[in-house]
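Beneath this line is the structure, given in structure tokens, with notes to follow.
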Amino acid sequence: MATPPLEPPPETAPPPAPAPALRVRAPSFALDEVPRHWFAGNAIATHLTNGVSALFPAGERFFVRSVRHYLGALGDGALAAEVRAFCGQEGRHAQAHERFLRVLRAQGYDLTAFLKVYETIAFGLIEPAMSPPLRLAVTAACEHYTALMAEGALGEDDILRGAHPVARELLLWHAAEEIEHKAVAFDVLARVAPSYRLRVLGLALATALLSGFWVAATATLLAADARAGRLPRRADAAAIRTRRRSIVRDVFGRGLREYARRDFHPWGRDNRHLAADYLARAGLEPGGAGPPPAA
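Whatever position you read off the sequence shown (first residue = 1), add 16 for the numbering used here.
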């Protein structure tokens, strides 16, 4: 897939003052304690979240490959250090969500066929057809979407309210680190391939791939419940209409509007205090940094 020609860098809002160095944390979670319908007993809400979680292990490793490809071009400055920490954090996220996938399998949700199709299409066919700059642009856009989800989890909306405590802590830790490193891929893109058209193309691909695979994963999980006679109650369906509207409006709708602005920068909305407050409460700050895992 051809990459659009480079253009002069779009005007972007200046980032805020440098943040403390990113840390690679490795908290442990008793995931075996998470019940089948762990989100307030609501099957649809549970599987909407399980669906996106199932995408994370392979998706996070794609993010790492896309960003690390440019590490040698960044020298030894602060951005290179952030890239190394980004890779470490994303590697830990992939490992944690792989463990959660094993819990889902033990509960009777066999995602093997879905994951094979997902990984074949996304990383066996589409990824090799994209140039390195386009892979990076897709990653930067996906990071914007995950940062918006993270803000919903850690902010006043508290979208994880009612979740089982263990699942909630897993997702809040992930959310906090997504906010911490939300500008890394974007800043690398701005450094090595500062094309607005490339950025928007990455946004379009990220939107189509994330939304499409998310819907497919959720449908796969719900179909397993239907076959087992665990059909959602009417109240579940009513609740999920509200949640679905929230995802469309607050993640994809807002994400598209913000990211498409020429002056967009992830730190135009500096919400690092949400991450810092949670990490302090959870005993993960300052915390120790371990070596990044192989991704």
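All C-beta atoms, glycine included, are put in the ideal place defined by N, C-alpha and C.
Pull up the DSSP beta-bridge partners for F55, would you.
DSSP output for F55 lists A179 as bridge partner(s).
Assumed close pair L188, R115 - CB separation to whole angstroms, cut-off 8 Å:
Here L188 is actually not in contact with R115; their C-beta atoms are around 16 Å apart, not less than 8 Å.
Alpha carbon to alpha carbon, how far is E193 from W54?
Roughly 23 Å separates the two Cα atoms.
I'd like the span of the alpha helix (DSSP H) that includes S227, first residue to last.
Per DSSP, the continuous alpha helix (DSSP H) segment holding S227 begins and ends at Y212 to R243.
L214 versus A56, N287, R52 and L152, residue with shortest Cα-Cα distance:
Here the closest residue by C-alpha is L152.
Test item: CB-CB of A89 and V208 under 8 Å:
Yes, Cβ-Cβ distance for A89 and V208 is below 8 Å.
Count the other C-beta atoms from every protein chain shown that fall within 10 angstroms of the C-beta of T236, then say buried if there are 16 or more, exposed otherwise.
Buried, because 16 or more other Cβ atoms sit within 10 Å of the Cβ of T236.
Do three or more CB pairs link the segment 161–181 to the segment 200–207 at distances below 8 Å?
Contact fails: fewer than three Cβ-Cβ distances are below 8 Å.
On the CB-based measure, 16 or more other CB atoms within 10 Å of its CB, does T62 come out buried or exposed?
The residue is buried, with at least 16 neighbouring Cβ atoms inside 10 Å.
Can you look up F78 in the DSSP assignment and give me helix, strand or coil?
The answer is helix: DSSP assigns F78 an H, G or I state.
Classification of P21 by the beta-carbon crowding that lies within 10 angstroms, buried from 16 upward:
For P21, the pLDDT reaches just 49, beneath the cut-off of 50, and the residue's location in the model is therefore unreliable, although a value from the coordinates is still provided. With fewer than 16 Cβ atoms within 10 Å of its Cβ, P21 is classed as exposed.
Pairwise C-alpha distance: Q105 and A96:
The C-alpha of A96 lies about 14 Å from the C-alpha of Q105.
Looking at L150 and L217, is the spacing between their C-beta atoms short of 8 Å?
One thing to note: L217 has its Cβ within 8 Å of the Cβ of L150.
What is the residue span of the alpha helix (DSSP H) that P149 lies within?
P148 to L170 is the extent of the alpha helix (DSSP H) around P149.
Take the Cβ of P73 as the centre, count every other Cβ of all protein chains shown within 10 Å, and call the residue buried at 16 or more, exposed below.
With 16 or more other Cβ atoms within 10 Å, it is buried.
So R288 is in the alpha helix (DSSP H); what residue range does that whole segment cover?
Per DSSP, R288 belongs to the alpha helix (DSSP H) from R288 to R297.
Cβ distance (whole Å) where A183 is taken to contact L170 below 8 Å:
Not really, about 15 Å apart at Cβ, beyond 8 Å.
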